[in-house]
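Heads up: the structure comes next, in structure tokens.
Number of protein chains: 2
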Amino acid sequence: MKNSPTNSPYYAVIFTSERTSTDAGYADMAQAMDALAEKQPGYLGMESARDAMGITVSYWESLEAIQHWKQQSEHLVAQQFGKEKWYQWYKVRICKVEQEYDFSR
Amino acid sequence: MKNSPTNSPYYAVIFTSERTSTDAGYADMAQAMDALAEKQPGYLGMESARDAMGITVSYWESLEAIQHWKQQSEHLVAQQFGKEKWYQWYKVRICKVEQEYDFSR
Chain A
1 MKNSPTNSPY YAVIFTSERT STDAGYADMA QAMDALAEKQ PGYLGMESAR
51 DAMGITVSYW ESLEAIQHWK QQSEHLVAQQ FGKEKWYQWY KVRICKVEQE
101 YDFSR
Chain B
1 MKNSPTNSPY YAVIFTSERT STDAGYADMA QAMDALAEKQ PGYLGMESAR
51 DAMGITVSYW ESLEAIQHWK QQSEHLVAQQ FGKEKWYQWY KVRICKVEQE
101 YDFSR
């Protein structure tokens with residue numbers, strides 16, 4: 001993700017999910033939503049992994065940026081398709097990042 | 001994850017990582033650490049997925065519970081091995097869960 005301003009708090013949206021067996025249109029929509037998210041104000045980055053469960057974490061400058069993205073019109077269409085076709089279940093947690101540290105060799 | 005007490009805030013630890021090509025002992029240690037985490041005070045649950053990147057999110061009742069788990073003696077050994085052998089990089093974010101919602105069919 002892009003570096004957030006030093007010492008500024010930022011937010012993480014943890015999206016955990018399990019897919020249905022219906023793939024129709026999913027990959028294209030996922031790619032389109034990733035590209036669209038990157039263009040949103042306040043977007044900082046995204047990380048994603050999937051095996052039996054999928055976990056996508058997106059990072060944002062503020063709660064307002066998250067709310068704006070949630071209500072973006074094409075994203076609303078994607079959310080509706082997600083509920084109708086692609087997800088068995090999902091859970092969204094909106095979190096304030098309070099501490100972070102890392103390791104790299 | 002276990003249900004958290006209604007309306008109580010709780011915390012998420014987002015652990016993102018990329019593995020090295022060194023597998024020696026990793027699967028056994030990961031399994032042991034999952035089992036040990038479940039026994040820690042304040043543990044609420046864990047979700048995990050890996051493809052090119054690994055994302056594990058664990059949930060905790062308090063920052064104190066997270067700190068206690070970070071300093072647990074066998075976990076300290078696992079962390080050391082992780083840095084020496086198993087992880088190319090990792091990043092840890094400690095977050096307060098502020099809102100959540102879900103969908104299930």
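Protein chains in written order, with the UniProt record's numbering: chain A, 1 to 105; chain B, 1 to 105.
Glycine included, C-beta positions come from ideal geometry on N, C-alpha and C.
DSSP-derived helix/strand/coil call for Q88/B: strand
Residues bridged to D28/B (per DSSP): Partner(s): none; D28/B has no beta bridge.
At least 3 beta-carbon pairs within less than 8 Å: the segment 5 to 19 of chain B vs the segment 82 to 91 of chain B: yes
According to DSSP, residues forming a beta bridge with A65/A: Bridge partners of A65/A: none, in fact.
Range covered by the alpha helix (DSSP H) that runs through S73/A: 73 to 81
Euclidean distance between Cα positions of residue 107/B and K70/B: An answer regarding residue 107/B cannot be provided, because it is not within the stretch 1 to 105 covered by chain B.
Rounded C-alpha distance that separates A49/A from D51/B: 5 Å
Inter-stretch contact (C-beta, 8 Å, three-pair minimum) for the segment 18 to 35 of chain B and the segment 72 to 84 of chain B: yes
Backbone secondary structure at M53/B - three-state DSSP: coil
Residues that DSSP places opposite M46/A in a beta bridge: S58/A
Exposure of V57/A, with buried meaning 16 or more beta-carbon neighbours within 10 Å: buried
Cβ of G54/A within 8 Å of any chain B Cβ: yes
Residue-level contact to chain D via CB, V77/A, 8 Å cutoff: Checking the listed chains, one finds no chain D in this structure; the protein chains it contains are A and B.
Pair within 8 Å by beta-carbon distance, residue 148/B and A12/B: Nothing about residue 148/B can be read from this structure; chain B reaches only from 1 to 105.
Cα-Cα separation between K39/B and S73/A, rounded to whole angstroms: 44 Å
Proximity below 8 Å, CB of I55/B to CB of I55/A: yes
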